[in-house]
Structures are given as structure tokens and as C-alpha cells.
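Below is one structure, written out as C-alpha cells; comments come after it.
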Amino acid sequence: MSTRASSEMPGLGQAAAVVVGIQLLGAAFLYLILKAEGGLEVVGLLALLAAGFYLLEKRPQITDFVMASFSRTPVVALVTAVVVVVLFPFAVGNNTYVLHLLIVAQLYAVLALALNFQLGSANIPNFATGASYGIGAYVSALLAINFGLSFWLTLPAAAIAATLFGFLIGIPSMRTRDTYLALVTIAFGVVVQQLLNNFDWTGGPNGLVGIPAPSLFGHSFASPLVVFGWKLPSQANFYYLSALLVVVAIVTAHRLHSSRIGLAWNALRADEIAARAQGINVAWFKVLAFAVDAFLAAFAGTIYAFYVSYISPDNFTFLVSVTIMTMVIVGGMDNIFGVIVGAFLLTILPEKLRAFSDYRLLFFGIVIIGFLMIRPQGLFPQRIRSYGESR
Amino acid sequence: MNALLEVNDATMRFGGLVALNAVSFSIGRGEVLAVIGPNGAGKSTLFNVVTGVYRPTAGHVRFDGVDITGHPSHEVVARGIGRTFQTSRLFSDLSVLDNVIIGMHTRTKTGVLGALFLPGASRREMAACVEKAEVLLKASSGDLFEQRHRPAGTLAQADRRRLEIARALASEPKLLLLDEPSVGMDEVETDALIADISRLRTERPELSVILIEHDMRVVEAFPDHVMCVDYGSRIAEGDFAKVKSDPRVQEAYLGKAAVHA
């Protein structure tokens, strides 16, 4: 343990206070920006956020201190997070629009975490995440409509189908890299969307209608959720479901990142030739990254299909893949928390900027560029692994 | 005694260019072979043929009793050939410790499903790797061990080379290939390098080392088995004194006119 680090080690009580405070602050900020109506309010909140990141950039000790607090009191951190996520819909109340935004943001967070295995960990520019997402949605929807399969059974089926698709793109991609690899994935993404558009059995451009709502222990997800006399709109069902999926994605990402798989991906990101000389089967690990990406994306696709109950090829365009990629880059490559923040920010922001009507996209672009100027490595850059020892 | 590595008539052609021309040599367990030759003579190509980066146009490579000709690099590493690169190829954005742990890739085995569903086993495997890596780093240099949590890209030149060797040793090789380790070093650093390699030999008497070297001081320190390559062909082999006095070696280094003057 170096003297520099030990002087910054927070005390137990202090750490717990920091952990709870930071999470409540984050939740409050999310609540405010979701509720913000006028353009001025949104701009004010964005300025506040920018100031926060400016401070983090100038004073990196703050990040270290907060990180140390979190690793000091993991149980407090976890309990606070669970409480915040569970209680959030109660704070939102009957505002279904806000709940809808939260569901979409969470699904995008899963997609961004999925892509992060490739783009962040292994530096594989995959523009076909939108296609895997679409395959997940269509497979589960088709199974539910044509064969009456329940949501819970279509979930693994869709994941397996999309993983096979992941292997399928992965194999030609083994021989290419960088720009060429990006082109191969773009082609795959476009092909999938065109096929969905032209097949009869996928409903063509009209898509699939009437996907039945899932149910659990006799409770249909289409009906309002009643907890201890509190009545939450039906969207709350899907809010909790997608929150659960985010947890699965985080656990998956964390476990892979801290195993030898994550290290192997990082090695081939840094130097493919050197990675090969360490005995890493580069081709196989690239394909593996495609498969894991598709697997998680299919879960998100399934929940989306059952949530909106209507899907069409337009939901899974090339633009969706680009958006997911932007989320990873803005949030911070290979940083699980950063990627989630990126996904939330880039889902909520365009909605909130509706106040600027015609200038919405222009303003959106300016905000993204502005944040990247303050934090060029992404909002939360990757960190060096620490192996749980005090240092 | 059985040779550990045996290269028979290895030929490597790139289009019309013959980078290696029927080169044969062998090395036993615990030996050091120094490969010398002018720039572009085919020394690095030889390494790439041995480690499976290139598949030789003709000829065979046998290692530890198995024909490994044209086997992919990652299999060759698993069989026990570790290497370093001429220009340092560290994973510069990862920590020093991570670099060494990645070197253990072929000696660990957690797969995706294992990492997801048996996190305990995966964590224990990583903890064991950390322990082993720290031992390797400590043995390499105390200075390097102290910097184990820093990104490898921030290391000084001498430490970068030590880390490359530590990373190669992490794969538990039987044969270590060092590609011009002294490149860009001053005299003090070169002396330290010679000391490092000598120490390595006493610590691991079974380890064989092939050394590509330009600096004759390093070659002189390991004079038992030297091979000189020029224009892709082996032109001399023997101990350092014999190779040094070979007229063809002198010609390759100094030019025809100088030798005959």
C-alpha cells in the first residue's frame, strides 16, 4: 500500500455517506431531467452536468475518492442502488411517458453494454448490434404469435438464434479488421433489415402486430401493477423487467471483464500481433465477442417486442447501431458504469431537446461534441484493473 | 542428446524474394544460440517461421519431438515457445501486472461459460495468476515490481524490455526467443541485459534461449553456439571465435573489398 493512496482512504462512515449521497444525487438528477419541460430547464441541467464533468476532469482525485468509497462499502452501495431503482417508479407516479423513457433507456443500456464487449474491450467496430437486436425481437415475436410460446420461453430461444447470427458475422470478420471489418458488419446490418422488409413471413414493411403481453404468476404485464395499495401504470412491469435485464448485463460484463477472457480481449485491442504471441487465439476471441454481443442484444430485443407489442424493420435500422456505438464512445469505452450513463444520456437527451423543435438535432450534436471536449476519453474512461488489493 | 528445436531446410519465399534459403539448425535443452547477421539477412523471418507467424514455403520445424511446421502461433506458444519482439510490443494501456497475466493465457483455462457461471473458480484462477505474476516481476527487478500497477506504456526502456521477458516467461516456455533485446540500449543497459540473461540461465537451467543480436558484446557473453545468417542462408555456425574468424562472416559484415584488402 503506497502512502499516497492510504492518505486518501476514506473512513467507513465517510465512505458510506459518500456512496449513499452520490447515488441519491444521481437519482435526483435523473428525476429532474426526466421531469424537465421547458428548454431553459434542460439547458440549465445540462450546464450543471457539464460543470460536474469539468470538475472531475480537473480534479481526478475526486473520482479516486468516490471509487475508493464504493469499494470500501460494497454492501451499502448495492442496497442503496436496489432501493433507488425499486422506488423510482413510485416517485414518477402516473407519468407513463417518463416510465417509457426509462424502459427505452434501460434497453439501450443493455445494448450498449453488449456492444462494449466488442468496441470497448476488443476494439472491434461492430455496426450490426441493431441487427442482433432485431433478430432477437423478431424471433421471439414470431414464436409467440405463431406458436403461442410464452415470453419466458422465447427469451432463451431468441438469444440462441441471435448468438448463431453473431457467430455467422464473426466468421467472415476473422479475416478482416478495422475499416474493412466495420464495412462487413454494416453490410450484415443492412442485409438483415432488408430481409425483414422483404420476407412475407416477417410481415414485410408492416412488421408484426399483436404480440401478446407476458404474464408472471397470473399477473399480466398489460395490467397495472398494484403494490401495497400503490397503483403503478402497466409500464412499471416492463420497467422492473428491463431493470432486471440491466443487472444481468452488468453481472455478465463484470464477470467477463475480470476474467482471463476480458484480458484477452484487451490484449488484442492493444496489439493483435503481440496478443497472438501470448498464445491468444485471436480469431476465436473475436468471434466470441460477436456471440456475446448478439446474445445480450437479443434479450433487449425480446423485451422491446413484448413491451411495444408491435415491431417493424424500421425499429432496427443502421441508425440504431450507430446510436448504440455513440453511447459506448460518449459514455466511456470499457467502463461498465460509463456505458450505462452514455445510454441514458443519449436516450433522454433527444427527447428533452424537443423543446428546440427544428434545431433539435443541431443542438444534440453540439451537446455531444461539448461533452467530448470536456472529457475526450468519454464521460467515464476505462480504469486499470486493481485485483481487490489495497494500493 | 535429443534436440529441443530442430529446423530442417526451412525456406521462406515472398513472391520472388527468398527471405530464408534452406536454413537448418538445432538447439538442445538449456543451450543458448546466438543468431547474428546483417540487417535484412532473414533473422526475424527465421523467428516468424519457428513461432508459426509464417508457414515456411518448404522445410520442417520440429519442437520437443513434434512437427510444428505451420502450426498457428497460439498453439506454438502453448507447446512452449515464448518470444519477445524487436520493437517493444507491450500492451501499453494495461497495467504491468496485466501484461504478465496475459502471458499466462495458455496456462489458464476459464472459458466464457466458466467466467459467467463459475465466478468463484474464475476469481481464484485470476488470484493465482496475480500471485505468480508478482513472483515473476519480483525476480525480474524490484523496480518493475514496484511499478506493477502502472500502465506498461509509462515504463522506461530498460523496464519495458524486462517486462517483455517476464511476459514471455509467464507462458512457462521451454524455449525463449529474444529478438534483438539490446536494440536502442547504451552500454550500461546492455551490461544489465547480459546480467539478466545470465541470471535467467542459472535460475532455469532447462530453459533454451535463441538470441538475435547485433551487439557483439552480448554475443561474446554467450559464445558457445553462434550462427551467422546472410541473404537468407546460414553461412557459418560454431563457437563465437570460429564464426568471427570465418572469412564469409567478415565479408558479410565488412564487405568484400575490406576483407581482401
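Protein chains in written order, with our numbering: chain A, 3 to 393; chain B, 3 to 263.
Backbone N, C-alpha and C define an ideal beta-carbon position, used for all residues, glycine too.
What you are looking at is a predicted structure, and each value in this text was computed from that prediction instead of being measured.
Cβ distance (whole Å) where B:Val114 is taken to contact A:Ile162 below 8 Å:
No, B:Val114 and A:Ile162 are not in contact; Cβ-Cβ is about 14 Å, not under 8 Å.
Quick one: what's A:Ala18 bridged to in DSSP?
In DSSP, A:Ala18 forms no bridge with anything.
Determine, for B:Thr108, whether the minimum Cβ-Cβ distance to residues of chain A falls below 8 Å.
yes
Anyone know if the C-beta pair for A:Ala394 and B:Phe93 falls short of 8 Å?
Nothing in the structure corresponds to residue 394 of chain A, since chain A is present only between 3 and 393.
Kindly identify the DSSP beta-bridge partner or partners of B:Lys246.
None; B:Lys246 has no bridge partner.
Just confirm the distance between the C-beta atoms of A:Ala299 and A:Tyr135, as a whole number of angstroms; I'd bet it's less than 8 Å.
5 Å
For A:Trp154, count the other beta carbons within 10 Å of its own beta carbon; 16 or more makes it buried, fewer makes it exposed. Which is it?
exposed
Do we get a CB-CB distance below 8 Å when we pair A:Gln280 with the residues of chain B?
yes
Please report the distance separating the alpha-carbon of B:Leu180 from that of B:Ile212.
6 Å
Limits of the beta strand (DSSP E) - the one that B:Glu8 falls within
5-16
Using the Cα positions of A:Gln384 and A:Ala124, report the straight-line distance between them to the nearest angstrom.
13 Å
For A:Tyr312, which beta-bridge partners are listed by DSSP?
A:Val211
Give me the residue from B:Lys134, B:Met128, B:Glu33 with the minimum Cα distance to B:Arg1.
A query on residue 1 of chain B cannot be resolved here, the shown segment of chain B reaching from 3 to 263 and no further.
Pairwise C-alpha distance: A:Ile338 and A:Asp180
23 Å
Report the three-state DSSP secondary structure of A:Ser73 (helix, strand or coil).
helix
Assuming B:Ala5 contacts B:Ile29 under a Cβ cut-off of 8 Å, what Cβ separation, rounded to an integer in Å, is found between them?
6 Å
Pairwise C-alpha distance: A:Glu59 and A:Leu348
21 Å
Straight-line gap, B:Gln149 to B:Val98 (C-alpha atoms, nearest Å)
7 Å
Mark A:Ser9 as exposed unless 16 or more other C-beta atoms lie within 10 angstroms of its C-beta, in which case mark it buried.
Any answer about A:Ser9 is weak, because its pLDDT of 45 lies below 50 and its placement is not dependable; what the coordinates show is given next. Answer is exposed; the Cβ neighbour count stays below 16.
Is any non-hydrogen atom of the ligand ADP found closer than 7 Å to the C-beta of B:Asp241, if you look at the structure I gave you?
In the structure on display, the ligand ADP does not appear, and there are no ligands present to speak of.
Residues in the same chain with beta-carbon distance under 7 Å from B:Leu138, minus the five sequence neighbours each way, listed in chain order, please.
Val102, Ala168, Leu171, Ala172
Just reading off the beta strand (DSSP E) that B:Met218 is part of, what are its end residues?
Note, B:Met218: premise wrong, no beta strand (DSSP E); alpha helix (DSSP H) at 218-223.
For A:Val289 and A:Phe169, which I take to be in contact (beta-carbon distance under 8 Å), what is that distance rounded to the nearest angstrom?
6 Å
If A:Leu258 sits next to B:Ile104, beta carbons under 8 Å apart, how far is it from one beta carbon to the other, in whole angstroms?
Actually they do not touch by this definition, with Cβ atoms about 15 Å apart.
CB contact flag (B:Lys176, B:Ser142, <8 Å)
no
Below 8 Å between beta carbons: does that hold for A:Pro76 and A:Ala238?
no
Identity of the residue in A:Phe223, A:Trp267, A:Val81, A:Leu363 nearest A:Val294 by Cα
A:Trp267
Using 8 Å as the threshold, is the C-beta distance between B:Glu166 and B:Ser90 below it?
yes
Taking Cβ-Cβ distances shorter than 8 Å, what residues in chain B pair up with A:Ala276?
Phe87, Arg91, Leu92, Phe93
DSSP state of B:His151, grouped into three classes?
coil
If B:Val68 sits next to B:Val51, beta carbons under 8 Å apart, how far is it from one beta carbon to the other, in whole angstroms?
So it is not a contact: roughly 16 Å between Cβ atoms.
Listing by chain order, which chain A residues have their CB less than 9 Å from the CB of B:Val79?
Arg278, Ala279, Gln280, Gly281, Ile282
Chain-order list of residues whose beta-carbon lies under 6 Å from that of B:Gly84 (same chain, five-residue window excluded):
Ala170, Ser173, Pro175, Leu178
Candidates A:Ile386, A:Tyr389, A:Ile376: which alpha carbon is nearest A:Ala49's?
A:Ile376
In whole angstroms, what is the alpha-carbon distance linking A:Ile105 and A:Phe240?
7 Å
Checking contacts by CB at 8 Å: is A:Val294 closer than that to chain B?
yes
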